[in-house]
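Trainee:
In my numbering, the protein residues as written are 105 to 594.
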């Protein structure tokens, strides 16, 4: 979502890095670029104006430390101020009352019902007994959707089809929740195409009757400043306690995320970053600022890795890697872990890589799918014994089974074996060197896809090495495109 903004800001930072000192003139020039970048990203004009003034004032008044360059000082000021713009820190849910009541509000198409399911799944994972309540009585499909989400995640859903009185539905749902000892009740309320008087009255009646601990607006980030306007209307009418921004994985400009807190006074508590139930993250302003500036979110990577692989599993995997026992079954487990993480696209998005390199995620994703297809075309015996795949007959059979060329299969087998031997030579903890050597291996798949960094157990790969490898892939891809263009001209 922030690719264009990130590129513009990085260009400005690159120019500032070469400066010997921070002067009024070079700060003014840099802030003019930053102003244009923010306005193009659809950030509110008044907020942009105040942001530029605050950064300029702090840069001119700050003392540059000996340990950093003027350019680094400038980047730090912009990063800190961006974080403050979106909120000082993550604000967790307030779960008060027995049961705790969360009221989800928003317009049609904002992702309200999906976000209800995602929030319920997250709270269930945290050990809470959750009840979702279908209150969009004007749209039967929304009730069906919520019931499907509940069934898929094994979360209870309360619905009262045919009942048009949502206040009555709320009362019945709370009685049901108390009877079945649910700790959290989430109301999936009705939406509208716009904020109108009937909708507000309907929601106010539920609020007054149930006294929710949280009233969360679900807003579509792709709407830009329109989403901020919607949030302002809902806040004035109901008194929001927080915001969930959806579709943060899209191609929209992202101004809503940067403007929402300042305009409404309410914190962004969660963001939706995909279609899966797991594509739902607590919003950390400081981390988002780093991602916008192209610095990545390494803390977020570590937290998610801890959620999908236990310390014991990581140690076992590292032990197999360095003892040359790593086989194709282990490789498939690695691909499964990467899939749970959200795929190469999500991983690239959180790494400190330029936007152009992040676009390589699609090619890596395709290469890993090819590698999986090759392995799945092997027999169980072959998966456990990689060396026997040197046999040409076996490779030909795998090639026919996965629908890929014999040379592609051979290339993948050779790269896999080379990587396996290399890791066997490393001692325990030596996996930090892995990313630096991945570039010479060219990945495991035909398009250059490599083993997922950060998934290799304790003391994961050096990210700078991974960045060099990705840059090399980008360069090779560009050269190939130029050669093709030249041939067409001839």
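Where is the CB? At the ideal position from N, CA and C, for every residue including glycine.
Report the rounded CA-to-CA distance for residue 226 versus residue 382, giving the unit in angstroms.
Mentor: Position 122 of the chain shown, counting from 1, holds the residue named residue 226. Position 278 of the chain shown, counting from 1, holds the residue named residue 382. Roughly 8 angstroms separates the two Cα atoms.
Trainee: Can you check which of these residues, 394, 380, 490, 414, is closest to residue 434 by C-alpha distance?
Mentor: What you label residue 434 is simply residue 330 of the chain shown in a count that begins at 1. Among 394, 380, 490, 414, the Cα nearest to that of residue 434 belongs to 490.
Trainee: Can you tell me which of the three DSSP states residue 317 falls into?
Mentor: Taking the chain shown and counting its residues from 1, the one referred to as residue 317 is at position 213. The answer is coil: DSSP assigns residue 317 none of H, G, I, E or B.
Trainee: Per DSSP, which one or two residues make a beta bridge with residue 346?
Mentor: Here residue 346 refers to the residue found at position 242 when the chain shown is read from its first residue. Paired residues: 320.
Trainee: Mind checking which residues open and close the beta strand (DSSP E) that includes residue 238?
Mentor: Position 134 of the chain shown, counted from the first residue, corresponds to residue 238. 234 to 239 is the span of the beta strand (DSSP E), which, as asked, contains residue 238.
Trainee: To which residues of the same chain is residue 353 closer than 6 angstroms at the C-beta, ignoring the five residues directly before and after it?
Mentor: Counting from 1 along the chain shown, the entry for residue 353 is found at position 249. These residues qualify, in order along the chain: 377, 378.
Trainee: Once DSSP output is grouped into helix, strand and coil, what is the label at residue 374?
Mentor: As a position in the chain shown, residue 374 is number 270, starting the count at 1. Residue 374 falls in the strand class under three-state DSSP.
Trainee: Pull up the CB-CB distance for residue 326 and residue 335, whole angstroms please, since I reckon it's below 8 angstroms.
Mentor: Indexing the chain shown from 1 puts residue 326 at position 222. Indexing the chain shown from 1 puts residue 335 at position 231. Not a contact, Cβ separation roughly 14 angstroms.
Trainee: Report the partner residues of residue 217 according to the DSSP bridge assignment.
Mentor: As a first step, residue 217 is located in the chain shown; it is residue number 113 there, counting from the start. DSSP output for residue 217 lists no bridge partner at all.
Trainee: Check for me: the beta strand (DSSP E) holding residue 291 runs from which residue to which?
Mentor: On the chain shown, residue 291 is found 187 positions in, with the first residue counted as 1. 288 to 293 is the extent of the beta strand (DSSP E) around residue 291.
Trainee: Do residue 179 and residue 345 have their C-beta atoms closer together than 8 angstroms?
Mentor: As a first step, residue 179 must be located in the chain shown, where it is residue number 75. As a first step, residue 345 must be located in the chain shown, where it is residue number 241. Cβ distance not < 8 angstroms, so residue 179 and residue 345 don't count as in contact.
Trainee: Compute the Euclidean distance between the alpha carbons of residue 206 and residue 238, then round it to the nearest angstrom.
Mentor: As a working mapping, residue 206 is identified with position 102 in the chain shown. As a working mapping, residue 238 is identified with position 134 in the chain shown. Between residue 206 and residue 238, the C-alpha separation is close to 13 angstroms.
Trainee: What's the C-alpha gap between residue 138 and residue 152?
Mentor: Here residue 138 corresponds to residue number 34 of the chain shown, with the count starting at 1. Here residue 152 corresponds to residue number 48 of the chain shown, with the count starting at 1. Roughly 9 angstroms between the two C-alpha positions.
Trainee: Who are residue 385's beta bridge partners in DSSP?
Mentor: Stepping through the chain shown from its first residue, residue 385 is reached at position 281. 375, per the DSSP bridge assignment.
Trainee: Contact check, residue 204 vs residue 317 under 8 angstroms by CB: the rounded distance?
Mentor: For the purposes of this step, residue 204 is identified with residue 100 of the chain shown, where counting begins at 1. For the purposes of this step, residue 317 is identified with residue 213 of the chain shown, where counting begins at 1. That belief holds up - the Cβ atoms of residue 204 and residue 317 are roughly 5 angstroms apart, short of 8 angstroms.
Trainee: Would you check if there are 3 or more beta carbon pairs closer than 8 angstroms linking the segment 269 to 282 to the segment 232 to 248?
Mentor: Contact between the segment 269 to 282 and the segment 232 to 248 is present, because at least three Cβ pairs lie under 8 angstroms.
Trainee: Is it true that the segment 147 to 165 meets the segment 362 to 372, where meeting means three or more beta-carbon pairs spaced less than 8 angstroms apart?
Mentor: They touch, by the three-pair rule.
Trainee: Go through its chain and collect everything with a Cβ distance to residue 351's Cβ below 6 angstroms, but skip five positions before and after it.
Mentor: Here residue 351 is taken as the residue at index 247 of the chain shown, counted from 1. The answer, listed in chain order, is 324, 325, 326.
Trainee: Per the DSSP calculation, residue 207 is bridged to which residue(s)?
Mentor: Numbered from its first residue, the chain shown carries residue 207 at position 103. Beta-bridge pairing links residue 207 to 291, 319.
Trainee: Measuring straight from C-alpha to C-alpha, what distance separates residue 504 and residue 477?
Mentor: Indexing the chain shown from 1 puts residue 504 at position 400. Indexing the chain shown from 1 puts residue 477 at position 373. Going by the C-alpha atoms only, they are around 11 angstroms apart.
Trainee: Taking the straight line between their C-alpha atoms, what separation do you get for residue 596 and residue 522?
Mentor: Nothing in the structure corresponds to residue 596, since the chain is present only between 105 and 594.
Trainee: Quick check: the Cα distance between residue 520 and residue 438, rounded to an integer number of angstroms?
Mentor: The residue you call residue 520 lines up with position 416 of the chain shown. The residue you call residue 438 lines up with position 334 of the chain shown. Computed Cα separation, rounded: 13 angstroms.
Trainee: According to DSSP, is residue 334 helix, strand or coil?
Mentor: Against the chain shown, residue 334 aligns to sequence position 230. Of the three classes helix, strand and coil, the one that applies to residue 334 here is helix, per DSSP.
Trainee: Excluding five sequence neighbours on each side, which residues of the same chain lie with their C-beta closer than 7 angstroms to the C-beta of residue 265?
Mentor: Start at 1 with the first residue of the chain shown, and residue 265 comes out as number 161. So the qualifying residues of the chain are 247.
Trainee: Just how far apart, CA to CA, sit residue 129 and residue 108?
Mentor: Reading the chain shown from its first residue, position 25 is the one you call residue 129. Reading the chain shown from its first residue, position 4 is the one you call residue 108. Distance between the alpha carbons of residue 129 and residue 108: 25 angstroms.
Trainee: Roughly how many angstroms separate the alpha carbons of residue 311 and residue 367, rounded to a whole number?
Mentor: Translated into positions along the chain shown, residue 311 becomes position 207. Translated into positions along the chain shown, residue 367 becomes position 263. Roughly 23 angstroms between the two C-alpha positions.
Trainee: Mind checking residue 518: buried by the 16 CB within 10 Å criterion, or exposed?
Mentor: Position 414 of the chain shown, counted from the first residue, corresponds to residue 518. Result: exposed.
Trainee: Taking DSSP as the reference, what is the three-state secondary structure of residue 260?
Mentor: Within the chain shown, the letter at position 156 stands for residue 260. Correct three-state label for residue 260: strand.
Trainee: Would you give the residue range spanned by the alpha helix (DSSP H) that residue 277 belongs to?
Mentor: Residue numbering aside, residue 277 sits at position 173 when the chain shown is read from its first letter. Unbroken alpha helix (DSSP H) run through residue 277: 270 to 283.
Trainee: In its own chain, which residues sit with a C-beta less than 7 angstroms from the C-beta of residue 131, not counting the 5 before and 5 after it?
Mentor: As a working mapping, residue 131 is identified with position 27 in the chain shown. These residues qualify, in order along the chain: 160, 163, 164.
Trainee: Would you say the beta carbon of residue 266 comes nearer than 7 angstroms to a heavy atom of the ligand FAD?
Mentor: What this structure holds is no ligand at all, so the ligand FAD is not there to describe.
Trainee: Could you tell me the alpha carbon to alpha carbon distance between residue 261 and residue 267, rounded to whole angstroms?
Mentor: Counting from 1 along the chain shown, the entry for residue 261 is found at position 157. Counting from 1 along the chain shown, the entry for residue 267 is found at position 163. Each residue's alpha carbon lies about 16 angstroms from the other.
Trainee: Report the three-state DSSP secondary structure of residue 80 (helix, strand or coil).
Mentor: Outside the displayed range of the chain (105 to 594) lies residue 80, so it cannot be described from this structure.
Trainee: Would the beta-carbon of residue 141 fall within 8 angstroms of that of residue 113?
Mentor: Taking the first residue of the chain shown as position 1, residue 141 is located at position 37. Taking the first residue of the chain shown as position 1, residue 113 is located at position 9. Against a cut-off of 8 angstroms, the Cβ pair of residue 113 and residue 141 comes out as a contact.
Trainee: Please state the DSSP three-state secondary structure of residue 430.
Mentor: Looking up residue 430 in the chain shown gives position 326. Coil, per DSSP.
Trainee: Assign residue 252 to buried or exposed, taking buried as 16 or more other Cβ atoms, counted over all protein chains shown, within 10 Å of its Cβ.
Mentor: Start at 1 with the first residue of the chain shown, and residue 252 comes out as number 148. Burial call: exposed.
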